[in-house]
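Report on the following structure.
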Amino acid sequence: MFHSFIKGPVHLTICSGKTLIPGYADHKKNWNNWLNSNQKFYAILRIMNNAALIEPKCVSEERINWIYENRLRLSKVLLGIILVAPRHIVDDGLLNQVDIDNVDVHRYASMDEAIAYLSQQNLRVNGICFNLHSLPELFCDLDWGES
1 MFHSFIKGPV HLTICSGKTL IPGYADHKKN WNNWLNSNQK FYAILRIMNN AALIEPKCVS
61 EERINWIYEN RLRLSKVLLG IILVAPRHIV DDGLLNQVDI DNVDVHRYAS MDEAIAYLSQ
121 QNLRVNGICF NLHSLPELFC DLDWGES
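So for the sequence shown, the UniProt record's numbering puts the first residue at 1; every next one is plus one.
Structure (structure tokens):
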């Protein structure tokens with residue numbers, strides 16, 4: 001299941017449980033809309049549990065094809081991918097490699113670590129400078145799944 005939130009230059013997706021085809025279709029629509037806006041952004045993928053890594057083969061194939069078809073557009077606007085998952089998922093290397101030219105992928109075991117990284121980045125979108133130090137406040141109403 002996907003839940004997507006867009007705040008400023010950050011596109012956050014929270015994944016919990018098995019990926020369903022309708023949920024993936026909505027997720028892909030959100031990404032297409034963002035790419036069509038041609039605005040630079042960071043993508044945070046928050047994986048809540050092992051079940052979030054399970055997806056039907058058709059979704060996996062479609063995701064890979066979509067990334068391949070959009071790799072040039074992604075490399076122009078995607079500033080980085082932040083994967084956040086429970087420590088055992090990160091340590092065991094259970095996150096599939098995301099490979100998009102000129103896009104760095106960072107893996108963290110907590111949102112605090114991811115936010116610490118993002119808060120050090122300077123981001124200017126359409127002439128507006130975003131202070132990513134305020135990222136926790138932007139998403140303060142969300143449950144990160146951390147205690």
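The beta carbon of each residue, even a glycine, is placed where N, CA and C say it ideally should be. Source: prediction; values computed, not measured.
- prompt: Is DSSP giving residue 43 helix, strand or coil here?
  reply: On the sequence shown, position 43 is the one that residue 43 refers to. Three-state result, residue 43: strand.
task: Would you be able to state if there are at least three C-beta pairs under 8 Å between the region 74 to 90 and the region 34 to 53?
output: yes
message: What ranges does the beta strand (DSSP E) occupy inside the region 8 to 33, keeping only unbroken runs of at least 3 residues that lie completely in it?
response: 10 to 15
message: Please report the straight-line C-alpha distance between residue 101 and residue 79, rounded to a whole angstrom.
response: As a working note, residue 101 is residue 101 in the sequence shown. As a working note, residue 79 is residue 79 in the sequence shown. Looking at the two C-alpha atoms, the distance is approximately 11 Å.
message: For the region 38 to 45 against the region 61 to 79, do three or more pairs of beta-carbon atoms, one drawn from each stretch, fall closer than 8 Å, so that the two count as touching?
response: Under the three-pair Cβ rule at 8 Å, the region 38 to 45 counts as touching the region 61 to 79.
task: Let me know the secondary structure DSSP gives residue 77 once reduced to three states.
output: The sequence position of residue 77 within the sequence shown is 77, counting from 1. Helix.
- request: Sort 70, 18, 104 by Cα distance to residue 38 and report the nearest one.
  value: Taking the first residue of the sequence shown as position 1, residue 38 is located at position 38. Closest option to residue 38, Cα to Cα, is 70.
query: Is residue 62 near the ligand NAP, going by C-beta to nearest heavy atom under 7 Å?
result: In the structure on display, the ligand NAP does not appear, and there are no ligands present to speak of.
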